[in-house]
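Asks: Counting along the sequence shown from 1, when you hit position 86 you're at 90 in this note's numbering, and nothing is skipped either side.
Before anything else, here's the structure in question.
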Amino acid sequence: AERRDARINVGVSTFVPKPFTPFQWSEQIDIEETWRRQRMLQERFWEHKGVKFGRHNGQSTFIEGLISRSDRRAGDLIEAAFLGGARFDAWDEHLKFSAWTDAVESTGFDTKDALRERDLDERLPWDHIDIMTPKSWFQEDWQRATELKHAPDCRQKKCHQCGVIDVERELCATMLRDSIAGAKSEDRWAGRGNPLPLPEEVPVLETVKLTPAGRPEEKPAVQRLRFRITRLGDARFLSHLEIMNSWIRSLRRAKAPLAWSQGFHQHPKVTFATAAPVGESSLWDIMDILVVESVEPQIILERLRAHLPLGFGVISAQEVPIKSPSLMSSVTGFKYRIVPPAGTDVDMLRERVTEIMSAEEIMVQRKRKAKGRWRRKGFRSVNIKNMVADLKLVDEEGAVEVIFETKRHEEKLAKWREMLGVLDLPEATSKVIKTHTYLAEIHS
């Protein structure tokens, strides 16, 4: 039957010919050509109200191409862009493209050379890296692609002698075992008859019991554990997704009997008080986990400490009511130490702190969230005065730092990046450490 209310989501991305692929010799189109093609598609789709046209930001793709297809000179470009304020460039709301154009100009970076087509016999910037697959194999695969041919997946067909099996035979064996295990799970889940045999060598984590369909067993959570966690050193440069995955893997290594969500895309029930901003060190974050078997908090704490990656730490663990409110909804504020860079004029900074606390308004600019078919981009002015609980300068024996505390007001909190801007402190060279996370039930 015809469905007049049906909707189709169309996603279009600009191709980035990545290193170590058969297309590494291809040219990447520039921003102007990307926009031209996107406008052409937009005009075609616009008359169809049931089609939502999504496309990748051409500026983000341009930056991706500069970094992935260049040589060591991309390091100077990245550093210059970072010092110019570039952060979270994969997210449209955080992309500061001017920082990259300024970095290109200041470093003399050749953007056309990075994106150009390469000759098959020329030396590529990444040729010195050994990935166990010879360049000649990619050249052969590139030739097949130009003839609209492809090499079938060697997990189901014959080995194509890419070179990995000659150097690390066990890697190919592991790949084949994992492929067989995945085929077994898919066959059982789809009910397509007898599954393929599963080799005994395929490891299964003791903490995750699988159903015959190869999915985590559905067991109700019986306990909630709350951890105070830390993030220091180079770990502060990880994204929140990377941090979350690191904690989940550590919990699984520690054999924590994690509860899993239901539905098609299941995931462990691990939650955090807030998303971790890149660049922020923390002495006091909070993580909750739900488990399907009762465990002693101190025991799981010690086991978890033995499996944490560098820069991650766990201070304490305690049991909380299983029906406790979600962590994010319980957060009432944060406390930070801001260490200004060396050479900062302390007297001017002290005067600035006094001015801010005595002002009737503290205005900052926040980006608008794009909603609906018409995407309105830009900024809006926000008064964070009522969100600033405390701001003071501490100068003890030449160690200068600003103590900044924010409290929830009208369901919003002030951000430390905003406070750096208000204080006229550079983000790239200032150090920010979260020293406390306040929750509603423990906030004094």
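Backbone N, C-alpha and C fix where the C-beta goes; we use that ideal spot for every residue, glycine too.
If contact is defined by three or more beta carbon pairs under 8 Å, each pair taking one atom from either stretch, is the region 328 to 338 in contact with the region 265 to 274?
Replies: No, because fewer than three Cβ pairs between the region 265 to 274 and the region 328 to 338 fall closer than 8 Å, the two stretches do not touch.
Asks: Of the choices G283, E365, S320 and P129, whose alpha-carbon is the least far from that of L87?
Replies: Taking the first residue of the sequence shown as 1, we reach residue 87 at position 83. When each option's Cα is compared against that of L87, the closest is G283.
Asks: With distances taken between CB atoms, is the gap from S64 to L99 smaller than 8 Å?
Replies: Along the sequence shown, read from residue 1 onward, the residue named residue 64 stands at position 60. Along the sequence shown, read from residue 1 onward, the residue named residue 99 stands at position 95. For S64 and L99, yes; Cβs fall inside 8 Å.
Asks: Please tell me whether I477 and S434 are closer than 8 Å, where the distance is taken between their beta carbons.
Replies: In the structure as shown, the chain begins at 5 and stops at 448. Residue 477 is therefore absent and cannot be evaluated.
Asks: Determine, using beta-carbon pairs with one atom in the region 77 to 86 and one in the region 346 to 363, whether at least three such pairs fall under 8 Å.
Replies: Touching, no.
Asks: Suppose the cutoff is 6 Å on Cβ atoms and the five residues either side in sequence are ignored; what does the same chain contact list for K223 look like?
Replies: Sequence index remark: in the sequence shown, residue 223 carries index 219 (1-based). Around K223: V296.
Asks: Taking buried to mean at least 16 other C-beta atoms within 10 Å of its own C-beta, is W104 buried or exposed?
Replies: One-based indexing of the sequence shown puts residue 104 at position 100. Answer is buried; the Cβ neighbour count reaches 16.
Asks: Can you round the beta-carbon distance between D145 and P26 to whole angstroms, since I take them to be within the 8 Å contact cut?
Replies: On the sequence shown, residue 145 is found 141 positions in, with the first residue counted as 1. On the sequence shown, residue 26 is found 22 positions in, with the first residue counted as 1. That pair is a contact at about 4 Å.
Asks: For Q369, write down the residues that DSSP places opposite it in a beta bridge.
Replies: Counting from 1 along the sequence shown, the entry for residue 369 is found at position 365. For Q369, which the question treats as bridged, DSSP gives the partners S385.
Asks: Could you name the residues that DSSP lists as bridge partners for T410?
Replies: If you number the sequence shown from 1, residue 410 lands on position 406. DSSP output for T410 lists F338 and V392 as bridge partner(s).
Asks: Give the range of the alpha helix (DSSP H) segment to which G79 is assigned.
Replies: Within the sequence shown, residue 79 is the residue found at index 75, counting from 1. Where G79 is concerned, the enclosing alpha helix (DSSP H) stretches over R77 to L87.
Asks: Does H440 come out as helix, strand or coil in the three-state DSSP assignment?
Replies: Numbered from its first residue, the sequence shown carries residue 440 at position 436. Reduced to three states, the DSSP call for H440 is strand.
Asks: Helix, strand or coil for F276? Go by DSSP, reduced to three states.
Replies: Position 272 of the sequence shown, counted from the start, is the residue given in the question as residue 276. Residue state, collapsed to three classes: strand.
Asks: At what residues does the beta strand (DSSP E) containing E323 begin and finish?
Replies: Taking the first residue of the sequence shown as 1, we reach residue 323 at position 319. Segment F316 to V324, the beta strand (DSSP E) holding E323.
Asks: Since G62 and I35 are thought to touch, with beta carbons under 8 Å apart, how far apart are those beta carbons, to the nearest angstrom?
Replies: Here the question's residue 62 lines up with position 58 in the sequence shown. Here the question's residue 35 lines up with position 31 in the sequence shown. Their Cβ separation, rounded to whole angstroms, is 5 Å, which keeps G62 and I35 in contact under 8 Å.
Asks: My understanding is that S17 touches H60, with C-beta atoms under 8 Å, so please give their C-beta distance in whole angstroms.
Replies: For this step, residue 17 is matched to residue 13 along the sequence shown. For this step, residue 60 is matched to residue 56 along the sequence shown. That pair is a contact at about 4 Å.
Asks: Relative to the C-alpha of L262, which candidate in D96, L229 and V392 has its C-alpha closest?
Replies: The count along the sequence shown starts at 1 and reaches residue 262 at position 258. That would be L229, whose Cα lies nearest to the Cα of L262.
Asks: Out of S30, M44 and A107, which one is the CA nearest neighbour of T150?
Replies: Residue 150 sits at position 146 when you count from the first residue of the sequence shown. If we check each option's Cα against that of T150, S30 comes out closest.
Asks: Tell me which residues share the same chain as V368 and place their Cβ nearer than 6 Å to its Cβ, disregarding the 5 neighbours each side in the sequence.
Replies: Counting from 1 along the sequence shown, the entry for residue 368 is found at position 364. Excluding sequence neighbours, V368 sits near V386, I388 and E422.
Asks: Write down the C-beta distance between V335 and T410 rounded to the nearest angstrom, noting that I regard them as a contact closer than 8 Å.
Replies: Counted from its first residue, the sequence shown places residue 335 at position 331. Counted from its first residue, the sequence shown places residue 410 at position 406. At roughly 10 Å, the Cβ-Cβ gap does not stay under 8 Å, so V335 and T410 are not in contact.
Asks: Quick one: residues in its chain with C-beta nearer than 6 Å to the C-beta of T38, no 5 flanking neighbours on either side, listed in chain order?
Replies: Numbered from its first residue, the sequence shown carries residue 38 at position 34. T18 and G62.
Asks: Buried or exposed for A321, going by 16 or more other Cβ atoms inside 10 Å?
Replies: Mapped onto the sequence shown, residue 321 falls at position 317. It is buried - the Cβ of A321 has at least 16 other Cβ atoms within 10 Å.
Asks: Alpha carbon to alpha carbon, how far is V101 from W50?
Replies: Walking along the sequence shown from the start, residue 101 turns up at place 97. Walking along the sequence shown from the start, residue 50 turns up at place 46. One detail in the question is off: residue 101 reads as Phe in this sequence, not Val. Roughly 27 Å between the two C-alpha positions.
Asks: Taking all protein chains shown into account, do 16 or more other C-beta atoms lie within 10 angstroms of the C-beta of W264, making it buried, or fewer, making it exposed?
Replies: Working through the sequence shown from its first residue, we reach residue 264 at position 260. W264 comes out buried.
Asks: Measure the alpha-carbon distance for V324 versus R240 and round it to whole angstroms.
Replies: Working through the sequence shown from its first residue, we reach residue 324 at position 320. Working through the sequence shown from its first residue, we reach residue 240 at position 236. One C-alpha to the other measures close to 28 Å.
Asks: Less than 6 Å between C-beta atoms, sequence neighbours within five positions excluded: which residues of the same chain meet that for I319?
Replies: Within the sequence shown, numbered from 1, the residue matching residue 319 stands at position 315. The residues are R232.
Asks: Between the alpha carbons of E365 and L443, how many angstroms are there, rounded?
Replies: On the sequence shown, position 361 is the one that residue 365 refers to. On the sequence shown, position 439 is the one that residue 443 refers to. E365 and L443: Cα-Cα distance of roughly 26 Å.
Asks: Do the CB positions of I285 and L236 come within less than 8 Å of each other?
Replies: In the sequence shown, residue 285 corresponds to position 281, counting from 1. In the sequence shown, residue 236 corresponds to position 232, counting from 1. In the sequence as displayed, the identity of residue 285 is Ser instead of Ile. Closer than 8 Å, so yes.
Asks: Hey, how far is the Cα of V20 from the Cα of Q32?
Replies: Taking the sequence shown and counting its residues from 1, the one referred to as residue 20 is at position 16. Taking the sequence shown and counting its residues from 1, the one referred to as residue 32 is at position 28. In a straight line, the C-alpha of V20 is about 6 Å away from that of Q32.
Asks: Tell me whether F92 is buried or exposed, calling it buried when 16 or more other Cβ atoms sit within 10 Å of its Cβ.
Replies: Indexing the sequence shown from 1 puts residue 92 at position 88. F92 comes out exposed.
Asks: Quick check on the DSSP output: what are the complete beta strand (DSSP E) runs of length 3 or more inside the region 43 to 73, in order along the chain?
Replies: For the region 43 to 73, whole beta strand (DSSP E) runs of length 3 or above, ordered along the chain, are 55 to 59.
Asks: Please name the residue in E355, R77 and P138 whose C-alpha comes closest to that of A118.
Replies: Locating residue 118 in the sequence shown gives position 114, counting from the first residue. Nearest option by C-alpha distance: R77.
Asks: Quick check on this structure: which residue in I169, K259 and F142 has the alpha carbon closest to the alpha carbon of E300?
Replies: Translated into positions along the sequence shown, residue 300 becomes position 296. When each option's Cα is compared against that of E300, the closest is K259.
Asks: What is the DSSP secondary structure of V16, counted as helix, strand or coil?
Replies: Stepping through the sequence shown from its first residue, residue 16 is reached at position 12. Correct three-state label for V16: strand.
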